[in-house]
Amino acid sequence: MFVLETTFFANRALWHLTMAGVFERFPKLRFVLTEQGCAWVPAVLTRMDGLHDQMVNGRIGELVVAADGVLPERPSTYFARNCYVGASFPSLADADSMGTIGIDRIMWGSDYPHHEASSPFTKESLQLAFCDFTPAEMHSILGATAADVYGFDLEALAPVAARYGPTVGEIAAPLTEIPAAATSPAFAGGLRT
427 MFVLETTFFA NRALWHLTMA GVFERFPKLR FVLTEQGCAW VPAVLTRMDG LHDQMVNGRI
487 GELVVAADGV LPERPSTYFA RNCYVGASFP SLADADSMGT IGIDRIMWGS DYPHHEASSP
547 FTKESLQLAF CDFTPAEMHS ILGATAADVY GFDLEALAPV AARYGPTVGE IAAPLTEIPA
607 AATSPAFAGG LRT
């Protein structure tokens, strides 16, 4: 039961903060959802936007909604302004949803040192998820967005990145075989077809 419900309780913070008007009251607040992938985000934003549209019209089914209870913006607008996802060991479904969510809203994570982490096959998991992404998209997801959100100095970190990699060229090479010892859910969907 815990494993089945963990994602629900991790995801629900998004709709609680959004629909309660926290992002409306605090427009500069940055909210990062981590360790939960991101494939779920588009459907939740669509659902929240649909509820918001009904609220604008004064009711959700039988429930009457007072005008002062309706957010001035759609939930997806608040997400695009205030929210980010730290997608740990992204699956193919996660990677495929990133363009819909907004590349600038996504930060990659390995979930190290947990058993489900991408390590020691991090390069392979990156190849699997991001081989068909542009270099600019990879740059954003793998570092630039996190640097912006958390105030990291990319110039100061460049020597470390150059030393440990992987390079864009390495990630752009499609993965041809899933490592036999890989335990990360990143590999559960198989290879790209």
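When you read off a place in the sequence shown, starting at 1, and then add 426, the result is the number in the numbering used here.
Cβ coordinates follow ideal geometry from the N, Cα and C atoms, glycine included.
This structure is a prediction, so every number in the text was calculated from the model and none was measured.
Check, Outcome
"In chain order, which continuous runs of the beta strand (DSSP E) of length 3 or greater are located wholly inside the segment 455-505?", "457-460"
"Going by the CB atoms, is the gap between G512 and G495 shorter than 8 angstroms?", "no"
"Taking the continuous alpha helix (DSSP H) assigned at A446, which residues delimit it?", "Counting along the chain, A446 falls outside any alpha helix (DSSP H), and DSSP gives it neither H nor E."
"Let me know the secondary structure DSSP gives M427 once reduced to three states.", "coil"
"Identify every residue that forms a DSSP beta bridge with S566.", "Answer is none; S566 lacks a bridge partner."
"Let me confirm a value: V586 is counted as buried when at least 16 other C-beta atoms fall within 10 Å, else exposed. Which label applies?", "exposed"
"Whole angstroms are fine: how far does the CA of T560 sit from the CA of P600?", "13 angstroms"
"Contact defined as beta carbons within less than 8 angstroms: I believe V575 pairs with V458. What is the distance between those atoms, to the nearest angstrom?", "7 angstroms"
"With H, G and I counted as helix, E and B as strand and the rest as coil, what does DSSP make of S544?", "coil"
"Rounded to whole angstroms, what is the Cα-Cα separation between L471 and G616?", "27 angstroms"
"Cβ atoms of E550 and P611: under 8 angstroms apart, would you say?", "no"
"Whose C-beta lies closer than 8 angstroms to the C-beta of P498 among residues of the same chain, with five residues either side of it excluded?", "E450"
"Would you identify the three-state DSSP class for G525, choosing helix, strand or coil?", "helix"
"Nearest to D558 by alpha carbon, out of I532, D537, G525, F613?", "G525"
"What is the rounded straight-line gap between the Cα of T548 and the Cα of R456?", "27 angstroms"
"Check the DSSP bridge columns for A598 and list the partner residues they point to.", "None; A598 has no bridge partner."
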